[in-house]
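Visitor: Supplied in structure tokens, the structure appears directly below.
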Amino acid sequence: MTYSPISKTYHSDLVIEEAKNGWRIVRLNRPKSLHALDESIATALLEVFQDFYEDDSVKAIWLDSTTPKAFCAGGDVRKLRQLVINDEVDVAKKFFAQEYALDLLLHNYAKPIVVWGEGYVMGGGLGLFMAAPFRLVTPYSRLAMPEINIGLYPDVGATRFLADRGAIGLFTGLTGSIMTAAGAYGIGWATHICDTTRDAVLDKVINIDWNHYPAGDFRAIDDTLNSLHRPVGPGPLQNSLDTIHSICRGVKFENDYESIIGLSDARSDWLRQASENLQKGSPTTAALTWLLWQWGKQVHSWNEVFELEEQISDWKIQHPDFVEGVRARLVDKDLSPEWYQGDDISLKGILGRNPPVTTIESWNMLLKHHGVID
Numbered sequence: 001m002t003y004s005p006i007s008k009t010y011h012s013d014l015v016i017e018e019a020k021n022g023w024r025i026v027r028l029n030r031p032k033s034l035h036a037l038d039e040s041i042a043t044a045l046l047e048v049f050q051d052f053y054e055d056d057s058v059k060a061i062w063l064d065s066t067t068p069k070a071f072c073a074g075g076d077v078r079k080l081r082q083l084v085i086n087d088e089v090d091v092a093k094k095f096f097a098q099e100y101a102l103d104l105l106l107h108n109y110a111k112p113i114v115v116w117g118e119g120y121v122m123g124g125g126l127g128l129f130m131a132a133p134f135r136l137v138t139p140y141s142r143l144a145m146p147e148i149n150i151g152l153y154p155d156v157g158a159t160r161f162l163a164d165r166g167a168i169g170l171f172t173g174l175t176g177s178i179m180t181a182a183g184a185y186g187i188g189w190a191t192h193i194c195d196t197t198r199d200a201v202l203d204k205v206i207n208i209d210w211n212h213y214p215a216g217d218f219r220a221i222d223d224t225l226n227s228l229h230r231p232v233g234p235g236p237l238q239n240s241l242d243t244i245h246s247i248c249r250g251v252k253f254e255n256d257y258e259s260i261i262g263l264s265d266a267r268s269d270w271l272r273q274a275s276e277n278l279q280k281g282s283p284t285t286a287a288l289t290w291l292l293w294q295w296g297k298q299v300h301s302w303n304e305v306f307e308l309e310e311q312i313s314d315w316k317i318q319h320p321d322f323v324e325g326v327r328a329r330l331v332d333k334d335l336s337p338e339w340y341q342g343d344d345i346s347l348k349g350i351l352g353r354n355p356p357v358t359t360i361e362s363w364n365m366l367l368k369h370h371g372v373i374d
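Residue 374, in the UniProt record's numbering, is where the sequence shown stops; the numbers in between run on with no holes.
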């Protein structure tokens with residue numbers, strides 16, 4: 001299949017092409033970093049999707065990457081860490097502003113977007129993925145919000161999309177547990193599982209005859225993808241649902257924290273790994289994740305979610321755990337971070353000395369309710 005390149009050049013790490021029937025193809029092309037997002041790519045993608053939004057000749061958009069190993073493994077946190085070290089926090093903050101503006105645009109997009117989520121779909125990549133109405137995974141997909149490991153926190157809209165999944169969202173946020181296609185589909189993160197090649201699926205959708213679907217473009221794509229969906233057997237997440245619901249109550253942080261750590265002798269490798277991730281992860285990230293899940297359970301618009309996350313990210317990247325967490329996992333790779341240790345494992349003990357206060361009153365009220373601030 002040959003597609004026409006778009007005449008406008010947006011970014012050297014994006015491949016943007018025109019296909020037939022009003023389709024446009026957008027491909028992330030940074031294979032060495034597993035297509036990680038930096039501020040320049042987020043800004044370019046924002047421009048691409050704004051242009052396509054306003055272009056009446058564009059009916060639908062296909063978003064993927066140039067390699068099967070990953071759709072997008074997240075934000076370029078090594079670069080963010082260096083900016084913080086260089087005292088260029090304002091530049092780092094601009095990345096979050098652009099990334100969240102992109103995610104917000106996609107959540108509110110009026111045209112269909114289909115994302116091919118093969119390989120790693122993590123962090124900022126999962127944020128992009130979750131913002132689209134059609135989210136495809138394959139047997140090789142691996143999805144997670146693994147920020148517990150690097151001292152950041154599940155952002156890019158996870159404040160809401162983890163809370164929407166109840167105890168499962170809280171558990172996956174606290175542990176960074178990796179989900180297979182079965183798990184992602186089971187909790188509604190993925191809309192379809194495809195076991196054919198990307199090009200075969202792409203060929204099907206770009207050949208949709210829109211005229212056959214008086215119910216509209218979204219229905220046309222949904223019907224086409226439903227015909228390609230192939231269910232798979234339960235994965236480790238489904239096999240652990242009873243355990244997750246019994247230990248993740250969302251009532252008291254300390255109880256949930258200790259209960260997950262207590263899975264260290266579980267029969268399931270997946271549950272033991274979850275326990276280890278939390279045990280070795282940043283306590284500050286865990287406390288923040290738990291509180292954001294509580295806030296996300298209230299009804300908030302995507303605008304408000306990203307407004308809060310932008311302020312929390314500004315606070316979090318200046319917390320010592322972020323620089324240290326990225327160092328230990330991605331720079332020196334010694335996997336031995338020295339996290340900030342609070343007075344004790346409680347919300348106040350961890351966050352009380354430097355609370356993440358924002359301009360959003362409902363968040364500050366939550367901090368007060370849970371005793372983080374007076």
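Glycine included, C-beta positions come from ideal geometry on N, C-alpha and C. The structure presented is a predicted model; accordingly, all values stated were derived computationally and were not measured.
Let me make sure I understand the geometry here. Which of 267, 229, 224 and 223 has the alpha-carbon closest to that of residue 243?
Guide: For residue 243, the nearest C-alpha among the options comes from 267.
Visitor: So residue 85 is in the alpha helix (DSSP H); what residue range does that whole segment cover?
Guide: It spans 77–85 - the alpha helix (DSSP H) in which residue 85 sits, taken as one unbroken run.
Visitor: Classify residue 88 as buried or exposed, calling it buried when 16 or more other Cβ atoms lie within 10 Å of its own Cβ.
Guide: So residue 88 counts as exposed.
Visitor: Measuring CB to CB, does residue 228 end up less than 9 Å from residue 287?
Guide: Not a contact, by the Cβ cut-off of 9 Å.
Visitor: So, is residue 341 buried or exposed, given that buried needs 16 or more other C-beta atoms within 10 angstroms?
Guide: Classification for residue 341: exposed.
Visitor: Roughly how many whole angstroms lie between the Cα atoms of residue 112 and residue 130?
Guide: Cα to Cα, the separation comes out at about 13 Å.
Visitor: List in chain order: all unbroken alpha helix (DSSP H) runs of 4+ residues lying wholly within the segment 117–181.
Guide: Listed in chain order, they are 124–130, 158–161 and 166–175.
Visitor: Using 8 Å for Cβ pairs, my map puts residue 181 next to residue 232. What's the rounded Cβ distance?
Guide: Sure, about 6 Å apart at Cβ, within 8 Å.
Visitor: Whole alpha helix (DSSP H) runs in the segment 33–75 with 4 or more residues, listed along the chain?
Guide: Within the segment 33–75, the complete alpha helix (DSSP H) runs of at least 4 residues are 39–54.
Visitor: Could you give the distance in angstroms between the alpha-carbon of residue 282 and the alpha-carbon of residue 58?
Guide: Cα to Cα, the separation comes out at about 44 Å.
Visitor: Looking at residue 241: is its Cβ nearer than 9 Å to the Cβ of residue 260?
Guide: No; because the gap between Cβ atoms is not below 9 Å, this pair is not in contact.
Visitor: Drop a sphere of 10 angstroms on the beta-carbon of residue 330, count the other beta-carbons inside from all chains shown, and report buried for 16 or more, exposed for fewer.
Guide: The residue in question, residue 330, is exposed, as its Cβ has fewer than 16 Cβ neighbours within 10 Å.
Visitor: Of the choices 67, 44, 41 and 362, whose alpha-carbon is the least far from that of residue 32?
Guide: The shortest C-alpha separation from residue 32 is found at 67.
Visitor: Do you know offhand how far residue 80's Cα is from residue 167's?
Guide: Near 31 Å, if we compare the C-alpha coordinates of residue 167 and residue 80.
Visitor: With DSSP run on the structure shown, which of helix, strand or coil describes residue 335?
Guide: Coil, per DSSP.
Visitor: How would you write the range of the beta strand (DSSP E) that residue 308 sits in, first residue to last?
Guide: Per DSSP, residue 308 belongs to no beta strand (DSSP E); it is in the alpha helix (DSSP H), 302–317.
Visitor: Could you please give the first and the last residue of the uninterrupted alpha helix (DSSP H) stretch that includes residue 270?
Guide: 269–280 is the extent of the alpha helix (DSSP H) around residue 270.
Visitor: Does the structure place the segment 310–320 close enough to the segment 349–356 that three or more beta carbon pairs sit under 8 Å?
Guide: Touching, yes, given that three or more Cβ pairs across the two stretches are closer than 8 Å.
Visitor: Alpha carbon to alpha carbon, what distance is there between residue 343 and residue 126?
Guide: Those two C-alpha atoms are separated by around 33 Å.
Visitor: Under three-state DSSP, which class holds residue 4?
Guide: Of the three classes helix, strand and coil, the one that applies to residue 4 here is strand, per DSSP.
Visitor: Give, in chain order, every unbroken run of the alpha helix (DSSP H) that is at least 4 residues long and sits entirely within the segment 321–370.
Guide: Runs of the alpha helix (DSSP H) inside the segment 321–370: 347–351 and 361–369.
Visitor: Along the chain, where does the alpha helix (DSSP H) that runs through residue 91 open and close?
Guide: Residue 91 -> alpha helix (DSSP H) spans 89–107.
Visitor: Near residue 102, which residues of its chain fall below 6 Å by C-beta distance, leaving aside the five closest residues on each side in sequence?
Guide: Within the same chain, residue 102 has close Cβ partners 42, 45 and 46.
Visitor: In whole angstroms, give me the CA-to-CA distance for residue 19 and residue 71.
Guide: Residue 19 and residue 71: Cα-Cα distance of roughly 20 Å.
Visitor: Whose CA, out of 273, 108, 109 and 324, lies closest to the CA of residue 77?
Guide: For residue 77, the nearest C-alpha among the options comes from 324.
Visitor: Do the CB positions of residue 362 and residue 295 come within less than 9 Å of each other?
Guide: Yes, the pair counts as a contact, with Cβ atoms nearer than the cut-off.
Visitor: From which residue to which residue does the beta strand (DSSP E) around residue 27 run?
Guide: First-last of the beta strand (DSSP E) with residue 27: 23–28.
Visitor: Would you mind stating whether residue 234 and residue 269 have Cβ atoms separated by less than 9 Å?
Guide: No, the Cβ-Cβ distance between residue 234 and residue 269 is not below 9 Å.
Visitor: Report buried or exposed for residue 215, applying the criterion of at least 16 other Cβ atoms within 10 angstroms of its Cβ.
Guide: It is exposed - the Cβ of residue 215 has fewer than 16 other Cβ atoms within 10 Å.
Visitor: Grab me the residues of residue 183's own chain with a C-beta within less than 6 Å of its C-beta, minus the 5 sequence neighbours each way, in chain order.
Guide: So the list reads 235 and 237, once near-sequence residues are dropped.
Visitor: Is the beta carbon of residue 122 sitting closer than 9 Å to the one on residue 188?
Guide: No. Outside cutoff.
Visitor: Just reading off the alpha helix (DSSP H) that residue 206 is part of, what are its end residues?
Guide: 198–206 is the extent of the alpha helix (DSSP H) around residue 206.
Visitor: For residue 139, does the count of other Cβ atoms within 10 angstroms reach 16, so buried, or fall short, so exposed?
Guide: By the neighbour-count rule (16 or more Cβ atoms within 10 Å), residue 139 is not buried but exposed.
Visitor: Between the Cα of residue 114 and those of 253, 61 and 239, spot the shortest distance and give me the residue it belongs to.
Guide: Ranking the options by Cα distance to residue 114, first place goes to 61.
Visitor: So what does DSSP say about residue 192, is it helix, strand or coil?
Guide: Strand at residue 192.
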